[in-house]
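Enquirer: Have a look at this one.
Numbering (this note's numbering), first residue to last: 584 to 898.
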């Protein structure tokens, strides 16, 4: 409650019917025990990371209100709370730099601590040699099944980006094998650590669920812009939102959120009206819209004219 005054856009909960209040009371009971380090936030199309940097400050306020020291909180946010993905290597480097500099505001020695944030340029499995995979799993059935699942599903990941649906596997078991490999003397050691480990980390970020998914997604129409590969992928995996990549991300982000989690996006407004998005509108309505602001044209000073008509929403 003491944080409200500092949050410009915070809205108090509206009065609800008695039956709804009873359900909300159960949810609040569940969340009473939540710890700051348990809140997972992702921007799956992070660009240069401005959303993550803003989220860092909000999380810092939550941590300090729970009694954390700022230096320890900054380290925990990097390790536990913030996640970001992008297909563009340079954008990911900028996001990495921006988040690390934000963390350094709270911990001057942060760069000497060896902490790596969960911010990645998406890796793909194309080009990883069979002998590297075989060395990794050493014919253990569980390891073999899990790593081969990731390698298969992460093929052409640079093309598909965060719309990939990755099957959850035993990631703890995979990381335990990487720990073994670090102590191993083998000509395949470096290829496993340099190629497979980043792939597994990206796969884990794509596979897990989040309390908050927030992004400004890319725009790419199925009839103008999508490659054949992407077009076929969205038709298969996202038939209800296939008309544009931004709409695909609405559906994908809903899938990526935990039960009772939130997604927040700014998108073009066409999904609100056009018949091709009618099934997507059903999905949105089934998942409890919290707010919807129809911004229309000229929402951004940088974009003149009537070119981009936008809306912003929370589900």
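Note that CB positions come from ideal geometry on N, CA and C, so glycine has one too.
Could you tell me whether the Cβ atoms of residue 758 and residue 623 are closer together than 7 angstroms?
Expert: Residue mapping note: residue 758 aligns to position 175 of the chain shown, counting from 1. Residue mapping note: residue 623 aligns to position 40 of the chain shown, counting from 1. No, the Cβ-Cβ distance between residue 758 and residue 623 is not below 7 angstroms.
Enquirer: Let me confirm a value: residue 819 is counted as buried when at least 16 other C-beta atoms fall within 10 Å, else exposed. Which label applies?
Expert: Here residue 819 refers to the residue found at position 236 when the chain shown is read from its first residue. Exposed, because fewer than 16 other Cβ atoms sit within 10 Å of the Cβ of residue 819.
Enquirer: Since residue 785 is in the alpha helix (DSSP H), which residue starts that stretch and which ends it?
Expert: In the chain shown, the residue the question calls residue 785 occupies position 202. Its alpha helix (DSSP H) spans residues 780-790.
Enquirer: Which word fits residue 626, buried or exposed, when buried means at least 16 other C-beta atoms lie within 10 angstroms of its C-beta?
Expert: As a position in the chain shown, residue 626 is number 43, starting the count at 1. With 16 or more other Cβ atoms within 10 Å, it is buried.
Enquirer: Going by alpha carbons, who is nearest to residue 899 out of 828, 643, 843, 821?
Expert: Nothing can be reported for residue 899: it is not among the residues displayed for the chain, which extend from 584 to 898.
Enquirer: Let me know if residue 751 comes out buried or exposed under the rule of 16 or more other beta-carbons within 10 Å of its beta-carbon.
Expert: Here residue 751 refers to the residue found at position 168 of the chain shown. Residue 751 should be labelled exposed.
Enquirer: Would a C-beta distance cut-off of 7 angstroms place residue 847 and residue 797 closer than the cut-off?
Expert: Residue numbering aside, residue 847 sits at position 264 when the chain shown is read from its first letter. Residue numbering aside, residue 797 sits at position 214 when the chain shown is read from its first letter. Yes.
Enquirer: Given a threshold of 16 other Cβ atoms within 10 Å of its Cβ, counted over all protein chains shown, does residue 858 qualify as buried or as exposed?
Expert: Here residue 858 refers to the residue found at position 275 of the chain shown. Burial call: exposed.
Enquirer: Can you check DSSP and say which residues form a bridge with residue 850?
Expert: As a position in the chain shown, residue 850 is number 267, starting the count at 1. Bridge partners of residue 850: 894.
Enquirer: Would you kindly work out how many angstroms separate the C-alpha atoms of residue 941 and residue 890, rounded to a whole number?
Expert: Any answer about residue 941 is impossible in this case: the structure gives the chain only from 584 up to 898.
Enquirer: Using the rule of at least 16 other Cβ atoms within 10 Å of the residue's Cβ for burial, across every protein chain shown, is residue 835 buried or exposed?
Expert: Counted from its first residue, the chain shown places residue 835 at position 252. With 16 or more Cβ atoms within 10 Å of its Cβ, residue 835 is classed as buried.
Enquirer: Short of 7 angstroms in beta carbon distance, which residues of its chain neighbour residue 878, apart from the five on each side in sequence? Order them along the chain.
Expert: To locate residue 878, count along the chain shown from 1; it is residue 295. 893, 894, 895.
Enquirer: Whether or not the stretch 629-640 and the stretch 673-692 are in contact is what I'm after, with contact meaning three or more pairs of Cβ atoms, one per stretch, closer than 8 angstroms; do they touch?
Expert: Yes, the stretch 673-692 is in contact with the stretch 629-640.
Enquirer: If you run the structure through DSSP and keep just helix, strand and coil, what is residue 616?
Expert: Position 33 of the chain shown, counted from the start, is the residue given in the question as residue 616. Coil at residue 616, not helix or strand.
Enquirer: Roughly how many angstroms lie between the CA atoms of residue 716 and residue 779, to the nearest whole one?
Expert: Here the question's residue 716 lines up with position 133 in the chain shown. Here the question's residue 779 lines up with position 196 in the chain shown. Using only the alpha carbons, I get a separation of about 8 angstroms.
Enquirer: Note down, in chain order, each residue of its chain lying with its Cβ closer than 6 angstroms to the Cβ of residue 832, except the 5 sequence neighbours on either side.
Expert: Here residue 832 is taken as the residue at index 249 of the chain shown, counted from 1. The residues are 800.
Enquirer: Between which two residues does the beta strand (DSSP E) carrying residue 625 extend?
Expert: Counting from one through the chain shown, the residue named residue 625 turns up at place 42. Unbroken beta strand (DSSP E) run through residue 625: 624-626.
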